[in-house]
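Colleague: If you read the sequence shown in this note's numbering, its first letter stands for residue 2, the second for the next number, and so on. Next up is a structure, given as structure tokens.
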Amino acid sequence: MQRHAQNSIEADTGQTYFAMFSLPRKLTIDVAALEREFYKLSRRLHPDLYARKSAEEQAWSLRQSSLLNDAYRTLKEPVARTAYLLKLEGVRIEDENSETRDMQTKQNRVPADLLEEVFELNMQLEEMRANLKMGEDDAALRSDLVRAQTQFKGMLAAVDEDLRRAWGAWDAALDANIAAAKDKQKDAMVALLDRRSYLRNLLREVDSVLTPETAGVAQANV
């Protein structure tokens, strides 16, 4: 009986998040359809359905339910989906958490076209932090930081738009099975994700000075 039950369960080793939802490795997906499939699979894999099964099958249900949740969370978010696909393609994605990087590494990652703006921003941030430590708040300096914040938010929006175009180009290259085109788009997406990560970290630093009590919450949603 146990052997029959085991045979009825699909092998779960080596299965990608895309495969769990019977999806090709494309970046433009129907999120509503993904959600419907998620709930259908969730009902099928729910641990309560395995309450009278063997301990092995119960453990399998828990593992698969957890994997399904991870897959859904990753695929429904476009940026997480992109990073996941690139990892599947063998591309190493840097951790965007600024706290895991030393200062030298962060400086080396400054996009060439942002060098001047970043240098000026860092000077302003240091000055503002010093003022706040002394209980002072320079209105002109705060205004400059707000302008910089708006500028970098605009740059972040532009990166997201470039990413959307790259997703379409990747999907087309995948359909055409053109290796060179796929490699080109992988390189483009890696550069865009790295730029996006850097801009998000800049915004996090600006927000931490302008609104320290809400910076963490605001950036978690970017």
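Even for Gly, the Cβ is constructed at its ideal location relative to N, Cα and C. Note that this is a predicted model, so its numbers are computed, not measured.
Would Arg196 be called buried (16 or more neighbouring beta carbons within 10 Å of its own) or exposed?
Modeller: The residue given as residue 196 occupies position 195 in the sequence shown. Buried, because 16 or more other Cβ atoms sit within 10 Å of the Cβ of Arg196.
Colleague: Name the two residues that bound the continuous alpha helix (DSSP H) containing Arg74.
Modeller: As a first step, residue 74 must be located in the sequence shown, where it is residue number 73. Note, Arg74: alpha helix (DSSP H), Ala56 to Lys77.
Colleague: Would you mind working out which of Val210, Tyr51, Leu28 and Ser55 sits nearest Ser66, comparing C-alpha positions?
Modeller: Counted from its first residue, the sequence shown places residue 66 at position 65. Comparing Cα-Cα distances from Ser66 to each of Val210, Tyr51, Leu28 and Ser55, the minimum goes to Tyr51.
Colleague: For Ser23 versus Leu46, is the C-beta distance shorter than 7 Å?
Modeller: On the sequence shown, position 22 is the one that residue 23 refers to. On the sequence shown, position 45 is the one that residue 46 refers to. No, they are not a contact pair.
Colleague: Buried or exposed for Thr83, going by 16 or more other Cβ atoms inside 10 Å?
Modeller: Working through the sequence shown from its first residue, we reach residue 83 at position 82. Buried, by the Cβ-count rule.
Colleague: Determine the direct distance from the alpha carbon of Arg148 to that of Glu206, and round the result to whole angstroms.
Modeller: Numbered from its first residue, the sequence shown carries residue 206 at position 205. Numbered from its first residue, the sequence shown carries residue 148 at position 147. Spanning the two alpha carbons is a distance of roughly 14 Å.
Colleague: Under 6 Å Cβ to Cβ from Leu193, same chain only, skipping five residues before and after it: list those, please.
Modeller: As a first step, residue 193 must be located in the sequence shown, where it is residue number 192. Here the set comprises Val160, Asp163 and Leu164.
Colleague: For Leu142, which residues of its own chain have a beta-carbon under 8 Å away from its beta-carbon, when the five flanking residues on both sides are left out?
Modeller: The sequence position of residue 142 within the sequence shown is 141, counting from 1. Closer than 8 Å at the Cβ level, and outside the excluded window around Leu142, lie Gln125, Glu128, Met129 and Asn132.
Colleague: If you count every other CB in all the chains shown that lies within 10 Å of the CB of Tyr40, and 16 or more means buried, which is it?
Modeller: Here residue 40 is taken as the residue at index 39 of the sequence shown, counted from 1. Exposed, because fewer than 16 other Cβ atoms sit within 10 Å of the Cβ of Tyr40.
Colleague: Using three-state DSSP, classify Met135 as helix, strand or coil.
Modeller: Reading the sequence shown from its first residue, position 134 is the one you call residue 135. Three-state DSSP puts Met135 in coil, outside helix and strand.
Colleague: Compute the beta-carbon to beta-carbon distance between Val92 and Lys187, rounded to the nearest angstrom, for a pair I have assumed lies under 8 Å.
Modeller: Numbered from its first residue, the sequence shown carries residue 92 at position 91. Numbered from its first residue, the sequence shown carries residue 187 at position 186. That belief holds up - the Cβ atoms of Val92 and Lys187 are roughly 6 Å apart, short of 8 Å.
Colleague: I think Leu204 touches Leu157, with their Cβ atoms under 8 Å apart; what is that distance to the nearest whole Å?
Modeller: Locating residue 204 in the sequence shown gives position 203, where the first residue counts as 1. Locating residue 157 in the sequence shown gives position 156, where the first residue counts as 1. That pair is a contact at about 7 Å.
Colleague: Alpha carbon to alpha carbon, how far is Tyr18 from Ile179? Give it in angstroms, no decimals.
Modeller: Walking along the sequence shown from the start, residue 179 turns up at place 178. Walking along the sequence shown from the start, residue 18 turns up at place 17. One C-alpha to the other measures close to 23 Å.
Colleague: I need the straight-line Cα distance from Val80 to Ala181, nearest angstrom please.
Modeller: For the purposes of this step, residue 80 is taken as the residue at position 79 of the sequence shown. For the purposes of this step, residue 181 is taken as the residue at position 180 of the sequence shown. Each residue's alpha carbon lies about 23 Å from the other.
Colleague: Would you kindly work out how many angstroms separate the C-alpha atoms of Gln152 and Val210, rounded to a whole number?
Modeller: Taking the first residue of the sequence shown as position 1, residue 152 is located at position 151. Taking the first residue of the sequence shown as position 1, residue 210 is located at position 209. Between Gln152 and Val210, the C-alpha separation is close to 16 Å.
Colleague: Could you give the residue range of the alpha helix (DSSP H) that holds Thr151?
Modeller: On the sequence shown, position 150 is the one that residue 151 refers to. Unbroken alpha helix (DSSP H) run through Thr151: Ala140 to Ala177.
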